[in-house]
Amino acid sequence: MKAIDIYRRMLDLEMDQSQRARALNKLGHAFVELAGQAHPQENLHSALEAYREALQLTSAGDLPVQYATIQNSLGKAHQALARLLDRSTNLELAKSAFQEALLAVSDIPESRELQASVQVNLGDVCSSLAEAGEDLEDCRRAVEAYQEALKVRGAKSHSREWAAVQSRLGAAYRRLGEREDKEVNCRKAIEACREALTVHTGERFPEEHSLDQIRLGNAHLALSEAQDAQENCRQAIQAYQTALAGPTLSPGEYAAVQNNLGIACTALAEADGDGEGEEAKEEEEGRRAAARRATAACLEALRFRGPASLARASSENNLGNAYLAMARSFSGSDQSVREEAASPAEGTEAGQEVPAGETAGNRKALVQQALAAYQRALAVPALRDQPSQYAAALSNLGEAQLALAEEEESPEGQRDLCKRAIQALEEAGTIYSPRSDLDRARVAEKLCLAYLILAGVESRAWCCSRALKAGEDALEVRRAWEGAGHSARAASLHKLMAMAYNLLADDIRGPDRAEYYAQGAKACREALQVYTRERHKEDYAELQTILCSSLLGLAACGEDAARSGRGAVEACREALQVYSLHDHPLDHALAKRSLAHSLMALAESGEGGGAKLQEAIAAYQEALQVYQPSSFPLERADVEKDLGYAWARLAEQTGDQEGLREALRCYRRALKAYSDLHSGHQFDGLDREGLQERAEGCRRAIRTCKKALKR
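Now the structure itself:
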């Protein structure tokens with residue numbers, strides 16, 4: 088207050104306009120300083136009034152340096168006020184003031200130091216605007232401003248100041264990379280952060296060192312989305328851990344870094360590996376360990392988050408992502424997962440760390456934990472004021488509901504979860520702004536999966552059409568961002584769309600059926616350009632089985648049956664290169680069944696004859712090794728029925744009655760199994776009408792075989 092009184096008394100004295108402008112500028116500074124101690128809004132408004140009055144007494148033409156200095160002060164006051172209210176408006180006013188200041192002195196060499204200060208301030212305000220909005224130009228202006236400042240603040244003459252600008256430049260490049268040329272800009276971000284760290288060592292400048300490490304971690308994490316995912320995630324984790332080891336972090340900063348560490352560990356848990364055999368198992372365990380570290384980091388961050396804060400919503404959302412990543416780290420065949428962080432032990436509140444050994448859940452429990460975390464995030468009122476973050480949490484909620492739907496055994500449960508997921512995802516899609524193309528594409532990708540799962544329980548044709556529409560919408564955005572190249576996300580979409588085309592074709596009759604199967608095969612081949620056996624074994628194998636289904640459908644439609652049959656056989660054999668009996672018994676059995684169907688189709692087309700039928704019989708028999716009566720009675724009965732048909736067709740071609748007797752034995756075993764399943768209650772949820780139809784089909788086949796044997 089004393090300084091304010093002094094400057095006010097000075098203003099009562101006689102002075103020229105330039106002197107009065109300087110006094111008003113100092114009065115504004117005094118109000119800004121006081122705002123840091125008490126009544127910040129009131130004092131910042133008083134500072135703004137003083138700066139505006141000072142600007143009325145000077146001009147860029149007469150006193151450019153003084154004018155620029157006051158505009159710089161005005162911009163900084165608006166920047167400070169933006170932290171308290173009307174953020175966007177005050178940031179825009181600050182940006183305008185800094186730009187006015189630069190225009191005034193751009194041609195004055197003696198003002199280069201002032202220009203550098205204003206450029207840094209302009210970079211800061213453009214960075215803040217870029218964080219809050221989606222204007223690409225603000226990202227670019229921030230980078231340009233810091234680069235201009237570095238032309239003045241050389242490494243030798245302004246060592247600490249130079250490093251501070253380098254650190255800011257790194258953050259700006261990372262932000263720009265989120266919107267364009269991710270790989271190039273993120274690499275520049277990493278380079279700038281490392282330059283800053285050459286000056287900001289932990290011993291000399293511990294606070295700046297921690298900040299630089301955080302920004303370095305953010306840059307590596309962003310780059311992991313475009314290149315070398317595992318390595319960049321590890322680099323990000325190392326940077327965050329270094330920052331956490333520093334002595335200068337406040338509780339809020341500590342929580343923020345733990346939050347980022349959780350994000351990086353989740354990304355590492357979801358990164359694709361390319362190992363085989365034992366190496367692949369080690370990678371799977373590594374992903375699981377990364378997911379555990381992610382949950383631990385998010386839970387640690389939550390210890391320092393206020394119950395109704397936006398930061399808490401962010402950490403809850405990231406905790407949900409970590410639980411989902413842990414659930415995905417277990418292979419599809421591993422239905423019984425024992426995991427320390429699966430679900431809270433009795434008496435443990437949600438959001439608190441669970442002591443080791445006190446929980447024993449399965450993959451479904453992990454997904455339920457993710458769902459609960461997303462629900463807690465969405466329950467934070469402050470999140471609704473952040474549209475993009477709220478939409479992201481809704482999208483994640485939908486994803487968790489879909490993951491639960493995939494674990495759900497009852498059709499009613501699947502239907503309910505899918506519909507709730509679709510509702511959440513469609514709401515998220517309406518919240519994202521038109522500029523958020525990639526976010527909207529991610530929602531469309533999840534909708535594609537949601538409708539595909541729902542197609543399995545109701546309105547198949549309509550749901551498949553909706554899935555295909557969502558997939559095309561997402562692909563359109565991917566093509567615009569990624570060009571004609573093939574990305575993992577696009578490949579994943581092509582896989583889902585191939586499944587939708589096949590389901591749609593299975594559900595209809597008429598000329599469109601063959602076209603849908605052809606589209607399914609085309610989508611598979613698009614995905615296989617990314618999912619190679621060397622780098623994506625399981626996706627590769629799954630796609631080969633889907634391709635087999637498409638080609639079998641084409642063969643059944645009479646579309647170049649021999650060629651389609653050969654393609655189906657080749658696809659199954661490729662899948663079996665991955666699906667070994669030892670490591671993937673169920674997938675192996677399914678691929679063997681598909682191979683047998685394909686060989687049968689090839690034989691029916693007139694190619695291979697008895698030899699193909701014998702190969703088909705061998706494939707069915709290998710599938711039966713997996714489908715034991717006690718565990719898979721329905722699957723075994725279906726294979727026995729198909730095997731009976733194969734023996735009958737072989738007998739028809741060769742005239743060998745022993746083949747008919749084998750067919751008869753197969754049909755009788757299948758009939759008994761269908762009858763037992765129809766009358767029993769051991770396996771709930773079976774389609775008893777379908778079982779009756781299968782049984783009747785076996786009876787007809789048995790009568791046919793008996794007649795043939797009597798001839």
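So for the sequence shown, the working numbering puts the first residue at 88; every next one is plus one.
For glycine and all other residues, C-beta sits at the position ideal for the given N, C-alpha and C.
Bear in mind that the values here come from a model prediction, so they are computed numbers and not experimental data.
Checklist entry - What three-state label does DSSP hand Asp-222 in the structure shown? => result For the purposes of this step, residue 222 is taken as the residue at position 135 of the sequence shown. Residue state, collapsed to three classes: coil.
Next on the checklist: If distances are taken between C-alpha atoms only, which option among Leu-180, Glu-218, Tyr-260, Gln-202 comes closest to Glu-235?
Outcome noted: Within the sequence shown, residue 235 is the residue found at index 148, counting from 1. Taking the Cα of Glu-235 as reference, the smallest distance to any Cα among Leu-180, Glu-218, Tyr-260, Gln-202 is reached at Gln-202.
Checklist entry - Is the distance from the Cβ of Ile-91 to the Cβ of Phe-118 below 9 Å? => result For the purposes of this step, residue 91 is taken as residue 4 along the sequence shown, with counting starting at 1. For the purposes of this step, residue 118 is taken as residue 31 along the sequence shown, with counting starting at 1. Yes, these two residues count as a Cβ contact at 9 Å.
Next on the checklist: I need the DSSP call for Ser-204, collapsed to helix, strand or coil.
Outcome noted: Locating residue 204 in the sequence shown gives position 117, counting from the first residue. Ser-204: helix per DSSP, three-state reduction.
Item to check | Enclosing alpha helix (DSSP H) for Leu-682 [first to last residue] | outcome: Stepping through the sequence shown from its first residue, residue 682 is reached at position 595. It spans 672-691 - the alpha helix (DSSP H) in which Leu-682 sits, taken as one unbroken run.
Next on the checklist: Is it buried or exposed, Ala-428, if we count other Cβ atoms within 10 angstroms and call 16 or more buried?
Outcome noted: Translated into the one-based positions of the sequence shown, residue 428 becomes position 341. Because Ala-428 carries a pLDDT of 33, less than 50, the predicted location of this residue cannot be relied on, and the following value inherits that uncertainty. That one is buried.
Next on the checklist: Here's a check: name, in chain order, each residue in its chain whose Cβ is nearer than 8 Å to the Cβ of Leu-747, leaving out the five neighbours to either side.
Outcome noted: On the sequence shown, residue 747 is found 660 positions in, with the first residue counted as 1. Within the same chain, Leu-747 has close Cβ partners Trp-734, Ala-735, Ala-738, Cys-792, Ala-795, Leu-796.
Next on the checklist: Can you list, in chain order, the residues of its chain with a C-beta nearer than 7 Å to that of Lys-679? Leave out the 5 residues immediately preceding and following it.
Outcome noted: Counting from one through the sequence shown, the residue named residue 679 turns up at place 592. Apart from the 5 residues on each side of it in sequence, Lys-679 sits with its Cβ closer than 7 Å to the Cβ of Ala-706, Glu-709, Ala-710 in its chain, given in chain order.
Item to check | Span separating the alpha-carbon of Arg-321 from that of Ile-301 | outcome: In the sequence shown, residue 321 corresponds to position 234, counting from 1. In the sequence shown, residue 301 corresponds to position 214, counting from 1. Rounded to whole angstroms, Arg-321 to Ile-301 spans 14 Å at the Cα level.
Item to check | Reduced DSSP category for Glu-290 - H, G, I as helix; E, B as strand; rest coil | outcome: The residue you call residue 290 lines up with position 203 of the sequence shown. Correct three-state label for Glu-290: coil.
Checklist entry - Alpha carbon to alpha carbon, what distance is there between Ala-381 and Gln-501? => result Your numbering for residue 501 matches position 414 in the sequence shown. Your numbering for residue 381 matches position 294 in the sequence shown. Cα-Cα distance, rounded: 29 Å.
Checklist entry - Starting from Ser-246 and walking both ways along the alpha helix (DSSP H), at which residues does that stretch end? => result Within the sequence shown, residue 246 is the residue found at index 159, counting from 1. That run of the alpha helix (DSSP H) goes 246-264.
Next on the checklist: Along the chain, where does the alpha helix (DSSP H) containing Ala-469 start, and where does it finish?
Outcome noted: Within the sequence shown, numbered from 1, the residue matching residue 469 stands at position 382. From DSSP, Ala-469 is part of no alpha helix (DSSP H); its letter is neither H nor E.
Checklist entry - With C-beta atoms as the reference, is Leu-539 less than 9 Å away from Ala-460? => result Residue 539 sits at position 452 when you count from the first residue of the sequence shown. Residue 460 sits at position 373 when you count from the first residue of the sequence shown. No Cβ-Cβ contact shorter than 9 Å links Leu-539 with Ala-460.
Checklist entry - Around the Cβ of Leu-100, are there at least 16 other Cβ atoms within 10 angstroms (buried) or fewer (exposed)? => result By one-based count along the sequence shown, residue 100 stands at place 13. By the neighbour-count rule (16 or more Cβ atoms within 10 Å), Leu-100 is not buried but exposed.
Next on the checklist: Quick check on DSSP: helix, strand or coil for His-132?
Outcome noted: For the purposes of this step, residue 132 is taken as residue 45 along the sequence shown, with counting starting at 1. In this structure, His-132 counts as helix in the three-state DSSP scheme.
Next on the checklist: With H, G and I counted as helix, E and B as strand and the rest as coil, what does DSSP make of His-126?
Outcome noted: Here residue 126 is taken as the residue at index 39 of the sequence shown, counted from 1. Coil.
Item to check | Residue environment, Met-102, which counts as buried when at least 16 other CB atoms sit within 10 Å | outcome: For the purposes of this step, residue 102 is taken as residue 15 along the sequence shown, with counting starting at 1. Its Cβ having fewer than 16 others within 10 Å, Met-102 is exposed.
Checklist entry - Less than 9 Å separating the beta-carbons of Ile-633 and Gly-654? => result For the purposes of this step, residue 633 is taken as the residue at position 546 of the sequence shown. For the purposes of this step, residue 654 is taken as the residue at position 567 of the sequence shown. No, the Cβ-Cβ distance between Ile-633 and Gly-654 is not below 9 Å.
Checklist entry - Can you tell me whether Thr-353 is buried or exposed, with buried defined as 16 or more other CB within 10 angstroms of its CB? => result Counting from 1 along the sequence shown, the entry for residue 353 is found at position 266. By the neighbour-count rule (16 or more Cβ atoms within 10 Å), Thr-353 is buried.
Checklist entry - If you draw a straight line from the alpha carbon of Arg-742 to that of Val-617, how long is it in whole angstroms? => result In the sequence shown, counting from the first residue as 1, residue 742 sits at position 655. In the sequence shown, counting from the first residue as 1, residue 617 sits at position 530. This sequence places Gly at residue 742; Arg is not what is there. Looking at the two C-alpha atoms, the distance is approximately 48 Å.
Item to check | Straight-line Cα distance separating Asn-449 from Val-424 | outcome: Within the sequence shown, the letter at position 337 stands for residue 424. Within the sequence shown, the letter at position 362 stands for residue 449. Only weak support exists for where Val-424 lies, its pLDDT of 34 falling under 50; the value from the coordinates is given anyway. The alpha-carbon atoms of Val-424 and Asn-449 are separated by roughly 4 Å.
Next on the checklist: Quick test of the definition: if touching needs 3 or more C-beta pairs under 8 Å, does the segment 157-171 touch the segment 181-189?
Outcome noted: In this structure the segment 157-171 lies against the segment 181-189, because at least three pairs of beta carbons, one per stretch, are closer than 8 Å.
Checklist entry - Does the distance from the CB of Arg-266 to the CB of Cys-226 come in under 9 Å? => result Residue 266 sits at position 179 when you count from the first residue of the sequence shown. Residue 226 sits at position 139 when you count from the first residue of the sequence shown. Yes, they are a contact pair.
Item to check | Check whether Tyr-604 and Gly-640 have beta carbons under 9 Å apart | outcome: Working through the sequence shown from its first residue, we reach residue 604 at position 517. Working through the sequence shown from its first residue, we reach residue 640 at position 553. Yes; because the gap between Cβ atoms is below 9 Å, this pair is in contact.
Item to check | Local Cβ density within 10 Å of His-116, reported as buried at 16 or more and exposed below that | outcome: What you label residue 116 is simply residue 29 of the sequence shown in a count that begins at 1. Per the 10 Å Cβ criterion, buried.
Checklist entry - Under 9 Å between the Cβ atoms of Leu-590 and Ala-542? => result As a position in the sequence shown, residue 590 is number 503, starting the count at 1. As a position in the sequence shown, residue 542 is number 455, starting the count at 1. Ala-542 sits close to Leu-590, with the two beta carbons spaced by under 9 Å.
Item to check | Status (buried if at least 16 other CB within 10 Å, exposed otherwise) for Gln-456 | outcome: As a position in the sequence shown, residue 456 is number 369, starting the count at 1. By the neighbour-count rule (16 or more Cβ atoms within 10 Å), Gln-456 is buried.
Checklist entry - Quick one: what's got a C-beta closer than 6 Å to Ala-110's C-beta in the same chain, skipping five residues either side? => result Taking the first residue of the sequence shown as 1, we reach residue 110 at position 23. Around Ala-110: Tyr-94, Met-97, Leu-98.
Checklist entry - Counting along the chain, where does the alpha helix (DSSP H) carrying Ile-195 start and finish? => result Position 108 of the sequence shown, counted from the start, is the residue given in the question as residue 195. No alpha helix (DSSP H) contains Ile-195, which DSSP labels as neither H nor E.
Checklist entry - Taking the runs of the alpha helix (DSSP H) that are 4 residues or longer, which of them lie wholly in the segment 313-396? => result 316-331, 338-357, 365-389
Checklist entry - Excluding five sequence neighbours on each side, which residues of the same chain lie with their C-beta closer than 7 Å to the C-beta of Arg-471? => result Counting from 1 along the sequence shown, the entry for residue 471 is found at position 384. Cβ neighbours of Arg-471 beyond the five flanking positions: Tyr-477.
Next on the checklist: Please classify Asp-194 as buried or exposed, where buried requires at least 16 other C-beta atoms within 10 Å of its C-beta.
Outcome noted: Walking along the sequence shown from the start, residue 194 turns up at place 107. Classification for Asp-194: exposed.
Checklist entry - Could you check where the alpha helix (DSSP H) with Ile-803 kicks off and where it finishes? => result For residue 803 there is no data in the structure shown, the boundaries of the chain being 88 and 798.
Checklist entry - Where in the segment 709-769 do unbroken runs of the alpha helix (DSSP H), each at least 4 residues long, occur, reported from the N-terminal end onward? => result 720-741, 744-766
Next on the checklist: I'd like the list of long-range same chain contacts for Leu-171, defined as Cβ closer than 7 Å, with 5 residues on each side in sequence excluded.
Outcome noted: As a first step, residue 171 is located in the sequence shown; it is residue number 84 there, counting from the start. Excluding sequence neighbours, Leu-171 sits near Pro-127, Gln-128.
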